[in-house]
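Heads up, the thing below is written out as structure tokens.
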Amino acid sequence: MTATARSLDTEQPATPLQRQGTAALTLGALGVVYGDIGTSPLYTVKEIFAPATGVALNAHNLIGAVSVIFWALMLVVTLKYVILILRADNRGEGGGLALTALAAHAVRSRPALRHALLLLGVFGATLFYGDSVITPAISVLGAMEGLQLVTPLLAPYVVPITVVIVVGLFTVQRFGTGLVGKLFGPIIVLWFVTLGAIGVVHIVEQPAILSALNPVHAWTFLLERGWYVFAAVGAIVLALTGAEALYADMGHFGRKPIQLAWTGLVLPGLALNYMGQGALLMADPTAIENPFYRLFPEAFVLPALVLATLAAIIASQAVISGAYSMTKQAIQLGFLPRMAIKYTSAREAGQIYMPAVNWVLMAGVVAAVVGFGSSSALAGAYGIAVTLTMMITTVLTYFVVSEGWRLPKPLAIGATVFFLAIDVLLVAGCAVKFFDGGWFPLALGLVLFGLMSTWSRGRERVLQGIRRDGLELQAFIDSLDPKTMHRAERTAVYPVADPGTVPQALLHNLKHNQVLHERNVVLTVKFHEVPWVPMNERVEVQALGHSFWRVTLHFGFMNTPDVPKALALTESHGLRIPVFETSYFLSRETVVPTSGGGMWRWRERLFAAMSHNAGGVVDFFRLPGNAVVELGTRVPI
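Residue numbering for the sequence shown follows the working numbering, beginning at 1417 and increasing consecutively.
Set out below in structure tokens:
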């Protein structure tokens, strides 16, 4: 079959707003979308005034720093994501790969540019995995560090307890998130209400912090930093982590619920809490050791710690689930080999569990917790992957707005330059932390990009090899004399990558078994750069003569294909494929690296190893295991 595929669903589900009301979806969006950005107050303010930034702790700088945070939330999150980018939906879906597909489609008449945008988008997607490793680590560590305020005797246990929580979180993933998901919304509502309420208490005591609403203070703060502005911005960007989740989860909740949740609760809660921390530090500079937990009276620190831990777990769950979805999309777009996917809900196709991704992520998170040891140390690693992703999103959105929506060039260019200027400042601010841990997510992203690009290029080489060495299908069929051959009274389905050549499994079947089936279907599965392909566009059937048919199944990268179920649709096209009278003959490809194949030798070997360890076609396409015959073939690249 073509490049890649996976899963079970066969038609686009009802949109979120068709299944639930806006209120229910807004509550769900609070629980899933905003967990990451909602835990940023745990560590952001403390990092802004860390010694490495060179920002002195005084009232003037507190007002300026809080002002920068507030206006960053307004410009980057509200204006860029909530108002603009949420409109760039790919048939209702959002996220890096969905936006990449949208941008690539907008420039489809320019192949070189399209390919470049695809690679750029894939690189942006790989950076998401860095976020998926660091978010659980920094969120849970930041919450657990409150134990030191309960009693300093617990300080040595912060890292071990964090590791236990992280391992437990990843261990329960296989049971699905449906039950826990119902609890996410109310807990996060309580979290943001608490953030805002405790912030108001301190704002009332130090109303001067309200001056931070004036953008002049933000501008002045940045100008006064000189070259140290990048160090300050590298800490301030921690307040924006999680912004990409707004767009990535649009397909689950819809644009309106995400916008309502942000403007109605999340933004006010965050703004009030950051101003509350600023007010607290104006009154008591010694609270800088942990300004978030010091907001609370001593009797309320432990309840705040419990609530913060729950919020951190929710934030972690959101990026873990996002990593599963991102991997599935990458597989179906042809950038990763097949992997096992388990569906944890009979009703929601989007609730999946990928064992390989889960355990690799867990190992990465535990390594980050143990290796860095504190939220302050992890803050150095946090940000560079997120800000690079933001920059890539801005570039891709330009092509969607300019080429896809056909908005006036001056407007598209002006908006892009404005947001790119902000993105460049954020990336530069995080780049100064490269040797303090910023290398970690970047290195992870580059390794994953190497794997993805190698797999994509290797699949191209395999297809070229099949076309080069294969027999032309129609000529082969025309040369057959079915009357002289043994006929099996069953249907044979031959899944192939190239529908124009004779399936190797068919040649092996004729050579070794000397039999031709009553009906022979040459099947190709194609995945498109759209999230969903509707049922009325799912199947193409072409009669080739001598009881041969060419069938093409079409899926989007969010569809979860069940091939036998999809083949039932061929009956309306005049081809009946009985479920219990059909055999599937698969060509098991063994990739053989060769010299002069158009790829570096190490990449050929890497691709061969990835191909060897790829998940089985049977589970991937939901083929009945007792009706599958696999025949091996060697493919040089």
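Positions of the beta carbon are idealized from the N, C-alpha and C atoms, including for glycine. Please read all numbers here as calculations on a predicted model, not as lab measurements.
Where residue i sits in the DSSP three-state scheme
i     : result
H1962 : coil
P2040 : coil
A1472 : coil
V1993 : It should be pointed out that residue 1993 corresponds to Ile in this sequence rather than to Val. Here I1993 sits in coil by DSSP.
Y1450 : coil
R1671 : helix
P1824 : coil
A1904 : strand
R2004 : strand
F1712 : coil
T1455 : coil
F1815 : helix
S1525 : coil
P1552 : helix
F1465 : coil
T1702 : helix
S1790 : coil
D1978 : coil
T2010 : coil
A2030 : coil
G1658 : coil
G1444 : helix
P1684 : helix
D2035 : helix
T1567 : coil
G1799 : coil
G1562 : coil
M2015 : coil
Burial state of residue i, where buried means 16 or more other Cβ atoms lie within 10 Å
i     : result
F1973 : buried
V1833 : exposed
M1951 : exposed
Q1920 : buried
Y1663 : buried
T1426 : For T1426, the predicted model reports a pLDDT of 40, less than 50, meaning its position is unreliable; a value from the coordinates is still stated below. It counts as buried.
T1900 : exposed
H1633 : buried
H1902 : exposed
Y1573 : exposed
V1735 : buried
H1970 : buried
F1669 : buried
K1825 : exposed
I1499 : exposed
L1534 : buried
H1933 : buried
Q1890 : exposed
H1618 : buried
P1911 : buried
E2046 : exposed
V2033 : buried
D1547 : buried
F1835 : buried
G1685 : buried
Short Cβ contact (8 Å threshold) for residue i with residue j
i     : j     : result
I1941 : P1977 : The sequence as given places Val at residue 1941; Ile does not occur at that position. Yes, these two residues count as a Cβ contact at 8 Å.
D1452 : T1551 : yes
A1553 : L1656 : no
M1868 : A1746 : yes
G1750 : A1797 : no
Q1622 : M1698 : yes
L1864 : G1537 : no
A1772 : A1783 : no
A1559 : L1683 : no
A1795 : A1703 : no
L1565 : Y1769 : no
V1575 : V1785 : yes
Strand pairing of residue i, partner residues [DSSP]
i     : result
E1509 : N1506
L2047 : S2003
K1971 : The sequence shown places Phe at residue 1971, rather than the Lys named in the question. F1971 pairs with F1943.
Y1769 : K1758
T1998 : T1907
Whole alpha helix (DSSP H) runs in the stretch 1716 to 1763 with 4 or more residues, listed along the chain? Complete alpha helix (DSSP H) runs here, min 4: 1717 to 1748.
Which runs of the beta strand (DSSP E) spanning at least 3 residues fall entirely within the stretch 1878 to 1956, listed in chain order? Runs of the beta strand (DSSP E) inside the stretch 1878 to 1956: 1902 to 1911 and 1931 to 1944.
3 or more residues per run - each beta strand (DSSP E) lying fully within the stretch 1571 to 1641: Listed in chain order, there is nothing to give.
Give the list of continuous beta strand (DSSP E) stretches no shorter than 3 residues that lie fully inside the stretch 1826 to 1867. You should have found no qualifying run.
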